[in-house]
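**Q** After the structure tokens below, expect a handful of questions from me.
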Amino acid sequence: MDAPGGGLAESFLPGGEGGPGQGGGGPGGDGMSPPRRGTLFTLGTSTRTLEEFIEVLRAWGIAVVCDVRSFPTSRRYPYFSRENLSVALPEAGIRYHWLGELLGGYRKGGYPAYMETPSFEEGLRQLEEMASSAPTAVVCAELLPWKCHRRFIAARMGERGWKVVHVRDAGGKWDWPPSPPVRDLS
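Heads up, our numbering is the position in the sequence shown plus 987, with the first residue counted as 1.
Okay, here's the thing in structure tokens:
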């Protein structure tokens, strides 16, 4: 599916059938993959307006934004600051959570090394809790997922059984592999 379909959010309801990320609760096709746990979205704020950003979130049925920027500010796009998003998104009916302290980029020793720490694991635990309750997007500033630390978070979530969709805009997603193994990204 290249474009979002109507009723995407309904597939996340308990007992929902057949929607994106609802792989029937069984193992993956290779018999070794973990059971599908749901769909996790990733998205970059980039140079969008706040209105465009909210439109993209709504088009994909995203109800929760998990901001993973270490420094959630922007001089050029001040409406994407943590302070502004924590007000504007709830006004639009979308929950906002900042997890930059646990999942943000710019880590001493590099992000792959940071992924082996208890802090990263706690960030993933909190992210999984959010994503289990409602359609959730991991959000950073970078538009391209392969240029952003979101790729590491996505890879680890894929290993944990989540389907990952890298949202491009209101009408499509990136054709980049959504959750390759972390070892292939280093």
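Idealized CB from N, CA, C, for every residue including glycine.
Leaving out five residues before and five after Thr1123 in sequence, what residues of the same chain have Cβ atoms less than 8 Å from its Cβ?
**A** Here the set comprises Leu1027, Phe1028, Ile1049, Ala1050, Val1051, Val1052, Cys1053, Leu1114, Met1117.
**Q** DSSP state of Val1154, grouped into three classes?
**A** Note: Val1154 maps to strand in three-state DSSP.
**Q** Count the CB pairs spanning the stretch 1068-1085 and the stretch 1144-1157 that are closer than 8 Å, and state whether there are at least three.
**A** These segments do not touch.
**Q** Does the contact criterion of 3 or more C-beta pairs under 8 Å hold for the stretch 1054-1061 versus the stretch 1033-1043?
**A** In short, these stretches do not touch, since the Cβ pair count stays below three.
**Q** Within the same chain, show all residues whose beta-carbon is closer than 6 Å to that of Ala1121, passing over the 5 residues directly before and after it, in chain order.
**A** So the list reads Ala1050, Val1051, once near-sequence residues are dropped.
**Q** Is it right to say Thr1032 is buried, meaning 16 or more other beta carbons lie within 10 angstroms of its own, or is it exposed?
**A** When all chains shown are included, Thr1032 counts as buried.
**Q** Determine, using beta carbons only, whether Gly1071 and Pro1077 come nearer to each other than 8 Å.
**A** One point to set straight first is that residue 1071 is Asn, not Gly, in the sequence displayed. No. Outside cutoff.
**Q** Taking the alpha carbon of Leu1131 as the point to measure from, which residue in Val1152, Ser1119, Ala1075, Glu1146 has its own alpha carbon closest?
**A** The option with the nearest alpha carbon to Leu1131 is Val1152.
**Q** Leaving aside the five residues before and after Val1126 along the sequence, list all residues of the same chain whose C-beta is less than 6 Å from its C-beta, in chain order.
**A** Excluding residues within five positions, the ones whose Cβ falls inside 6 Å are Leu1030, Val1052, Asp1054.
**Q** Distance check for Trp1161 and Ala1142, CA to CA, integer angstroms please.
**A** C-alpha separation (whole angstroms): 15 Å.
**Q** Under DSSP, the alpha helix (DSSP H) around Phe1028 begins and ends at which residues?
**A** From DSSP, Phe1028 is part of no alpha helix (DSSP H) but of the beta strand (DSSP E) over 1025-1031.
**Q** If you measure from the beta carbon of Arg1063 to each beta carbon in chain B, is any gap under 8 Å?
**A** No chain B appears in the structure shown, which is made up of a single protein chain.
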